[in-house]
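Count the sequence shown with UniProt numbering and you get residues 1 to 695, in order. Glycine included, each C-beta is placed from N, C-alpha and C at the ideal position. All figures in this text were calculated on a predicted structure; none of them were measured in a lab. Input: a single structure, listed below in structure tokens.
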Amino acid sequence: MATVGEAVKESLLGTTQPESLSSEAKATFLKNSRQGEDGELYMNEEDFINAIAPPEEDYHKIKREQYGILFGVADRHKRGRISLPEWAAFDNLLAKSDAEYEIAFRLFDVDGTGSINSDAFQKIYEQNRGQDSIPFDFNSEWASLYIGGKNKRHEMTYPQFAQMMRGLQGERIRQAFHLYDKDKDGYIEPEEFERIIRATSGHKLSDHLLENLPTLCNISTGTKISYANVRAFQNVIREMDLLDLIIRNATAKSSDGRIDRQDFLNEAARLTRFSLYTPMEADILFHFASLDQPGGRLALDDFAKVLDASWQTASSKLSAVTDAADRAVSKSQQFLHSLLESAHHFGLGSIAGAFGAFMVYPIDLVKTRMQNQRSTRPGERLYENSIDCARKVIRNEGVRGLYSGVLPQLVGVAPEKAIKLTVNDLVRGRFTDKQTGYIPLPAEILAGGSAGACQVVFTNPLEIVKIRLQVQGELAKNTDVPKRSAMWIVRNLGLMGLYKGASACLLRDVPFSAIYFPTYSHLKRDMFGESPTKSLGVLQLLTAGAIAGMPAAYLTTPCDVIKTRLQVEARKGDATYNGLVDCARKVYRDEGFKAFFKGGPARILRSSPQFGFTLAAYEVLSTLLPYPGSEKDAATHTGTAGKMEPGVGLREAKAPLPYLRSRNALKILLDLDNNFGQVKVPGRIPEGAKWFGKA
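Written out as structure tokens, the structure reads:
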């Protein structure tokens with residue numbers, strides 16, 4: 001406890017609270033720090049870069065070494081090292097809502113007084129400016145509005161500095177245009193426009209934009225670029241976030257996921273109240289987005305090449321090999337991670353599928369026994385209806401009788417679902433338009449049918465074993481007929497016998513999948529509005545799956561009846577069948593047309609709840625057993641519980657916040673000159689200088 005004297009001293013003189021430091025920030029410091037001769041832990045500039053710029057992040061536009069310029073902000077005592085308290089202060093600075101502008105401000109506030117001297121500001125600017133960078137005139141009328149005239153300079157406060165930096169890039173572009181407009185006719189050459197944009201905005205633009213800058217002259221009839229073109233281009237790149245929102249909304253409302261210039265302007269009018277886009281700005285956006293896809297109507301992928309600053313061309317990706325050494329996770333590790341994650345999802349799906357099959361298995365057993373009942377006379381029928389069948393099974397065989405043959409079903413459900421879903425996705429992908437996501441209905445039917453055909457190779461042997469186990473319980477009271485195990489049935493049938501009834505199995509599973517998958521897909525899209533920007537929740541997916549399963553299950557019941565009759569071992573007095581056609585003819589002759597739909601309601605009652613139990617189990621398992629390292633809060637669509645991709649709107653960055661804040665602060669400094677933070681080597685021309693001519 002504090003003494004009375006200490007308490008009085010604190011009340012009179014106040015107290016200084018130490019900078020608070022989160023456990024995560026402290027762990028980062030301890031991980032990257034080193035011990036000095038005096039025993040104090042500290043970080044030098046290299047350690048500091050490792051702390052705020054993780055090697056696995058993307059440094060395509062901003063080089064990793066440029067983050068070192070922020071070391072001067074963290075090193076408050078200018079000792080060339082950062083202590084834990086200094087790191088705590090910098091970490092708290094990163095947590096502020098306006099951290100980006102305040103970090104940039106502190107770089108120029110060398111005395112820590114809370115204001116920037118104009119001479120100090122220009123001195124730091126000149127120290128970081130490239131040798132051949134386009135010069136900036138601090139005596140211009142625009143600059144004088146913020147720092148005063150040449151003979152009446154004044155210091156800038158933090159709010160004044162932030163506001164000046166907000167408009168600085170536009171003034172740099174204006175001054176550069178005047179510099180290259182030698183004859184003062186309001187036009188410059190495309191190559192000169194490219195130099196201006198690379199010098200002032202290269203750190204914010206995609207490779208696609210940067211490599212095609214000279215083509216801006218093609219939006220007009222002339223061969224030169226006017227100041228109106230340049231200003232319109234600047235407005236476009238300045239409003240990238242708003243453009244992204246407008247385009248996502250517009251494409252989400254489009255029936256084919258594509259929009260034209262008119263759609264864009266109409267959606268902009270709906271979403272914006274104060275920021276109207278001019279026709280020239282719309283022309284510029286669509287010009288650069290359509291260079292690789294001419295035709296007027298564009299999809300999200302086309303606009304991504306313009307809006308996404310990290311978008312890289314093949315050549316730039318190849319040249320980025322030098323940055324790959326900074327990546328902490330190698331491609332082989334990423335592949336292994338992906339492989340293990342897929343195996344994790346497959347395992348959970350197998351367990352969930354087995355659970356779903358187990359829950360509805362009694363309905364499946366009743367369905368099989370009803371389909372195998374061949375007599376039409378009331379006195380000779382073993383079961384009057386499905387309810388009577390279930391009641392007699394429980395009375396004669398116990399509750400366990402409802403699960404006769406369940407083991408082969410549980411073993412087979414995982415590969416069955418894997419084969420079916422994989423083949424369907426592969427065939428759909430082959431016929432799906434990559435730009436619009438459109439697939440013709442015949443191709444959807446082909447994909448579903450192919451999936452059903454492929455699964456028969458694996459599931460037919462399991463089906464025949466399951467069915468024989470399901471019906472042998474009917475003879476439980478007859479001691480002369482012993483109950484057989486699954487292995488006995490397999491050995492007795494042999495390889496060829498395991499594929500008995502395969503033709504009927506094909507006849508059932510091919511149309512079932514051909515009906516189910518297209519119906520399910522169209523219900524999701526047409527009834528519930530699923531799109532690239534809208535994912536569905538679990539209730540919507542359950543409803544779509546249940547509805548799709550009803551016609552698929554009922555309409556294929558005749559094929560299932562024939563398959564059951566062919567695969568069940570005929571008992572004494574029962575009709576025997578020599579193939580699919582013979583079976584169909586005899587069933588129709590002896591039992592009538594209605595016999596082909598025996599067990600139809602049971603098939604419907606089985607399909608819908610099985611789908612529901614499977615999805616519910618998968619969701620619970622995904623929550624209880626997440627893949628190690630995965631982000632449960634990540635906005636990714638799993639197709640089960642409504643975890644969705646970001647819908648219409650902007651996507652949240654998932655990189656660490658300290659890195660994002662540091663990167664954004666660097667972007668503000670790079671608006672001054674793209675050489676800020678570059679390592680200065682005597683006699684070396686700064687990277688990128690080849691684009692600029694001597695002023």
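Should Asp-560 go down as buried or exposed, given a rule of 16 or more other Cβ atoms within 10 Å for buried?
buried
Using C-beta distances below 8 Å, list every residue in its chain close to Glu-40, excluding the 5 sequence neighbours before and after it, in chain order.
Ser-83
Please classify residue 701: does DSSP put it in a helix, a strand, or coil?
Residue 701 lies beyond the stretch modelled for the chain, which goes from 1 to 695, so this question has no answer here.
Nearest to Phe-108 (by Cα), restricted to the options Gln-122, Gln-567, Ile-439, Val-490
Gln-122
Count the CB pairs spanning the region 213 to 233 and the region 241 to 254 that are closer than 8 Å, and state whether there are at least three.
no
Specify, as a first and last residue, the run of the alpha helix (DSSP H) that Trp-142 falls within.
141 to 147
Between Asn-424 and Ala-25, what straight-line distance do the alpha-carbon atoms span, to the nearest angstrom?
47 Å
Anticipated Cβ contact below 8 Å, Tyr-383 with Gln-373, distance rounded:
6 Å
With C-beta atoms as the reference, is Ala-74 less than 8 Å away from Trp-87?
yes
Smallest Cα separation from Gly-72: which of Leu-666, Asp-671, Arg-258?
Leu-666
Report the CB separation of Ile-196 from Ile-173 in whole angstroms; it is logged as a contact under 8 Å.
6 Å
With a cut-off of 8 Å on the beta carbons, I'd call Val-427 and Ala-447 a contact; round off their distance for me.
4 Å
Count the other CB atoms within 10 Å of the CB of Lys-594; is the residue buried (16 or more) or exposed (fewer)?
exposed
Sequence ranges, alpha helix (DSSP H) only - wholly within the region 57 to 139, length at least 4
71 to 74, 84 to 94, 99 to 108, 118 to 128
Which residues does DSSP list as the beta-bridge partners of Arg-391?
Partner(s): none; Arg-391 has no beta bridge.
Own chain, CB closer than 7 Å to residue 697, minus 5 neighbours either side, in chain order
The first residue shown for the chain is 1 and the last is 695, placing residue 697 beyond what the model contains.
Using beta carbons (cut-off 8 Å, strictly below), is Ser-607 in contact with chain D?
Considering every chain present, this structure includes no chain D. It has just one protein chain.
Range of the contiguous alpha helix (DSSP H) that encloses Ala-269:
261 to 271
So, under 8 Å CB-CB, Lys-598 and Met-370 are touching, yes? Tell me the CB distance rounded to an integer number of Å.
5 Å
According to DSSP, simplified to helix, strand and coil, what is Thr-221?
coil
Cα-Cα, which of Leu-469, Leu-205, Lys-224 is closest to Phe-303?
Leu-205
Please name the residue or residues paired with Leu-41 in a DSSP beta bridge.
Gln-35
Can you tell me whether DSSP reads Tyr-187 as helix, strand or coil?
strand
Run the CB neighbour count on Val-581, radius 10 Å, all protein chains shown included, and call it buried at 16 or more, exposed below.
exposed
Between the alpha carbons of Gly-401 and Lys-367, how many angstroms are there, rounded?
14 Å
Between which two residues does the alpha helix (DSSP H) carrying Met-496 extend?
486 to 497
Name the one or two DSSP bridge partners that Met-156 has.
Ile-116
Distance, Cα to Cα, Pro-135 vs Asn-235?
22 Å
Going along the chain, which residues of its own chain have a beta-carbon closer than 7 Å to the beta-carbon of Ser-201, five neighbours each way excluded?
Gln-169, Ile-237
C-alpha distance - Ile-604 paired with Ala-552, whole-angstrom precision
9 Å
Using DSSP with H/G/I as helix, E/B as strand and the rest coil, what is Leu-21?
coil
For Asp-119, is the classification buried or exposed, using 16 other Cβ atoms within 10 angstroms of its Cβ as the cut-off for buried?
exposed
Output yes or no for whether 8 Å exceeds the beta carbon distance between Val-306 and His-154.
no
Would you say Phe-286 and Arg-261 are within 8 Å of each other, going by their C-beta atoms?
yes
Throw me the rounded Cβ distance for the Leu-179 and Ile-284 pair, which I believe falls under 8 Å.
Actually they do not touch by this definition, with Cβ atoms about 22 Å apart.
For Ser-275 and Glu-239, which I take to be in contact (beta-carbon distance under 8 Å), what is that distance rounded to the nearest angstrom?
7 Å
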